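One structure is given here, and the rest of the page talks about it.
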Amino acid sequence: MSSNPIIVWFRESLRLSDHPALYTAAMSGSRVTCSFVYDQESPGIRPLGGATQWWLAQSLRALRAELEALGADLVIRRGPAAKVLGELAREIKAGAVYWNDVAQAGPRAVAADVEAALGDIGVASRVFADDLLVDPAELRGKDGRGPRVFTPFWKRVLALVDPPKPLPTPARLACVTGASSLAIEALGLEPTKPDWAGGLRTTWQAGERAAQQRLTRFLEFAVHGYAGDRDRPDIEATSRLSPHLRFGEISPRQIWHTARFAAEERPACARGIDKFLSELGWREFSRHLLYNNPDLATRNLQPSFDAFPWTKDDAALAAWQRGQTGYPIVDAGMRELWHTGSMHNRVRMVAASLLVKHLLIDWRAGEQWFWDTLVDADPGSNPASWQWVAGSGADAAPYFRVFNPVLQGEKFDANGAYVRRWVPELARLPAGLIHQPWAAKPLELAEAGVALGRSYPSPIVEHKHGRARALAAYASLRTSD
DNA sequence: CCAACTTTGCG
DNA sequence: GCAAAGTTG
46 MSSNPIIVWF RESLRLSDHP ALYTAAMSGS RVTCSFVYDQ ESPGIRPLGG
96 ATQWWLAQSL RALRAELEAL GADLVIRRGP AAKVLGELAR EIKAGAVYWN
146 DVAQAGPRAV AADVEAALGD IGVASRVFAD DLLVDPAELR GKDGRGPRVF
196 TPFWKRVLAL VDPPKPLPTP ARLACVTGAS SLAIEALGLE PTKPDWAGGL
246 RTTWQAGERA AQQRLTRFLE FAVHGYAGDR DRPDIEATSR LSPHLRFGEI
296 SPRQIWHTAR FAAEERPACA RGIDKFLSEL GWREFSRHLL YNNPDLATRN
346 LQPSFDAFPW TKDDAALAAW QRGQTGYPIV DAGMRELWHT GSMHNRVRMV
396 AASLLVKHLL IDWRAGEQWF WDTLVDADPG SNPASWQWVA GSGADAAPYF
446 RVFNPVLQGE KFDANGAYVR RWVPELARLP AGLIHQPWAA KPLELAEAGV
496 ALGRSYPSPI VEHKHGRARA LAAYASLRTS D
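Residue numbers (the working numbering): 46 to 526.
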């Protein structure tokens with residue numbers, strides 16, 4: 046057996062349990078060095094947004110602490126992965142580098158460069174499937190386009206997939222010490238001058254341990270009512286696992302197996318668990334779309350949308366970003382996003398629909414804002430969902446689905462608790478008016494302390510007009526060619 | 001006549 | 001998903 050150590054290159058699986066590369070290295074009997082490379086330079090990498098940078102810093106801290114408990118450390122470096130890992134391999138005379146796959150075109154190209162650079166210096170590479178239930182290359186089909194419709198895609202995955210049982214955390218690691226590491230602070234991931242991360246810190250706990258705890262609690266308390274309550278932003282009815290999944294603090298296999306086991310134990314929860322797993326399916330579907338369309342964040346999947354008459358309106362975009370559109374459910378969501386780095390899924394759809402349909406602003410502007418502000422900003426789910434709302438995507442919402450922000454608010458935040466929490470200037474309005482303050486009588490506004498147009502804006506566009514204008518704009522797509 | 005409910009078109 | 005048109009009692 047070779048005495049040369051193995052480098053485990055941590056990419057987007059920042060955990061110790063169910064980590065195939067780490068587990069295999071630990072079991073090999075060789076000594077191990079764990080390394081993370083902050084690479085925003087290699088071609089094909091989409092630079093992280095502000096909120097995901099913040100999350101990454103917290104996640105690395107948690108990972109480092111978990112490794113220290115095993116007597117190992119985390120060697121953090123920055124720069125192009127091929128160069129950095131080549132240098133590290135030389136320094137510690139590594140015999141091999143192991144890593145978990147990131148099943149995307151850009152990250153796979155980076156990995157191919159790493160493999161080539163290591164090969165040049167006689168260092169072996171080994172890659173392990175990890176971040177998806179099914180390799181997207183397997184489902185590409187003969188047309189080479191990959192799956193386009195969610196339901197048949199997910200049925201196929203359900204029929205075909207039996208993900209391997211999650212691996213345990215290695216009991217011990219014979220580690221190599223001495224390689225120099227950057228401090229996490231040196232990566233510049235966290236805000237300094239204006240510290241905007243206060244709300245993020247009080248909302249989230251990053252790391253593998255917190256991720257496992259969330260899953261356990263969700264399956265214990267909330268999954269039973271998940272199918273019925275998941276659309277309500279006023280209660281905590283969802284798992285809130287998405288930012289943990291983003292950097293692989295928990296694996297899709299772990300979620301799958303834990304949820305499936307819970308369904309067997311408690312048949313009354315089976316419906317909620319199926320629904321929950323189908324949300325994991327949407328993540329999977331979006332990543333497959335990304336794999337087959339690497340420019341998903343910039344190019345319409347339906348080319349006919351290239352002719353769409355988007356409006357350039359920086360003032361309206363800014364009002365939307367700041368939660369000043371005059372539609373309470375939308376403003377609540379946009380402010381929740383700014384404060385916590387997250388937004389309830391239902392509200393994301395309504396807010397996105399308002400930007401794209403009522404304001405006719407290019408979905409890419411909204412996608413980029415979410416990319417910068419969401420702690421769960423995912424390279425697949427974020428652009429795929431924006432294209433879904435805009436109607437330019439695969440299996441997209443039909444063009445005529447224009448959410449009415451008042452009805453959506455009344456339906457899903459019926460007593461207004463969500464709006465009251467995030468739009469405090471409306472807190473004293475009764476439930477019947479809180480989603481449409483402009484419909485209140487002057488006396489009712491005065492009693493609630495609301496000065497429409499001063500303490501809270503009037504609607505940025507009247508719903509009826511916005512809806513009609515959106516339908517007309519979408520109609521122009523069909524007649525223009 | 002309306003209110004409550006169901007159906008249909010939206011390009 | 002919504003709103004207008006149609007149906008019922």
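Think of the CB as a built atom: it goes at the ideal place given N, C-alpha and C, for glycine as much as any other residue. Source: prediction; values computed, not measured.
Rounded to the nearest angstrom, how far is the Cβ of leucine 399 from that of threonine 356, given a contact under 8 Å? Not a contact, Cβ separation roughly 13 Å.
According to DSSP, is tryptophan 20 part of a helix, a strand, or is it coil? The first residue shown for the chain is 46 and the last is 526, placing residue 20 beyond what the model contains.
Using a 10 Å radius around the Cβ and a threshold of 16 neighbouring Cβ atoms, would you call glutamine 85 buried or exposed? When all chains shown are included, glutamine 85 counts as exposed.
Alpha carbon to alpha carbon, how far is tryptophan 365 from methionine 379? 7 Å
List in chain order: all unbroken alpha helix (DSSP H) runs of 4+ residues lying wholly within the stretch 410-445. 426-435
Given alanine 96 as reference, the closest of Ala161, Leu264, Ala251, Leu67 once Cα atoms are compared: Ala251
What are the boundary residues of the alpha helix (DSSP H) that threonine 78 is part of? Run containing threonine 78: none in the alpha helix (DSSP H); it sits in the beta strand (DSSP E), 77-83.
Just to confirm before moving on: does the CB-CB distance between serine 75 and isoleucine 51 stay below 7 Å? yes
In or out: proline 197 buried (at least 16 other Cβ within 10 Å) or exposed? Proline 197 should be labelled exposed.
Out of Ala441, Asn460, His333, point me to the one whose CA is closest to histidine 480's CA. Asn460
Using the Cβ count rule (16 or more neighbours within 10 Å means buried), how would you classify threonine 237? exposed
Taking tryptophan 54 as part of the beta strand (DSSP E), name the residues at either end of that continuous run. Per DSSP, the continuous beta strand (DSSP E) segment holding tryptophan 54 begins and ends at 51-55.
Between the Cα of arginine 592 and those of Leu105, Phe195, Phe173, spot the shortest distance and give me the residue it belongs to. Residue 592 lies beyond the residue range present for the chain, which begins at 46 and ends at 526; the question has no answer from this structure.
Please confirm if the stretch 248-266 is in contact with the stretch 108-120, defined as three or more CB-CB distances below 8 Å between the two stretches. yes
Looking only at its chain, what residues have a beta carbon closer than 7 Å to the beta carbon of asparagine 337, apart from the 5 residues adjacent to it on each side? Pro181, Arg185, Arg190, Gly191
Is isoleucine 406 helix, strand or coil when you go by DSSP? Coil, per DSSP.
Short check: CB of proline 65 to CB of phenylalanine 173, under 7 Å? yes
Would the beta-carbon of valine 142 fall within 7 Å of that of valine 82? no
Cβ atoms of glutamine 432 and glycine 425: under 7 Å apart, would you say? No.
Among Thr222, Asp423, Ser287, Ser521, the one whose alpha carbon lies nearest that of alanine 352: Taking only the C-alpha atoms, the option nearest alanine 352 is Ser521.
For tyrosine 336, three-class secondary structure by DSSP: helix
Which residues bound the beta strand (DSSP E) around phenylalanine 173? If you look at phenylalanine 173, you'll find it in the beta strand (DSSP E) that goes 169-173.
Cβ contact check for the stretch 288-304 and the stretch 148-167: 3 or more pairs under 8 Å: As far as the Cβ criterion goes, the stretch 288-304 does not touch the stretch 148-167, which means the pair count is below three.
Measure the alpha-carbon distance for aspartate 421 versus serine 387 and round it to whole angstroms. Cα to Cα, aspartate 421 sits roughly 7 Å from serine 387.
Closest residue to glutamate 113 among Arg60, Leu212, Ile318, Trp99 (Cα-Cα distance): With distances taken between Cα atoms, glutamate 113 lies closest to Arg60.
Cβ separation of tryptophan 383 and leucine 234, assumed to be a contact under 8 Å, to the nearest whole Å: Contact flag wrong, Cβ pair sits at about 19 Å.
The beta strand (DSSP E) with alanine 141 in it runs from where to where? Start and end: 141-145.
Going straight from the alpha carbon of aspartate 407 to that of arginine 123, what length do you get? 34 Å
Tell me whether glutamine 453 is buried or exposed, calling it buried when 16 or more other Cβ atoms sit within 10 Å of its Cβ. Looking at its Cβ environment, which holds 16 or more other Cβ atoms inside 10 Å, glutamine 453 is buried.
As a quick exercise: from Glu324, Leu218, Tyr372, Ala410, pick the residue whose alpha carbon is nearest that of serine 503. Tyr372
If you scan the stretch 101-156 from start to end, which runs of the alpha helix (DSSP H) of 4 or more residues do you find wholly inside it? 126-137
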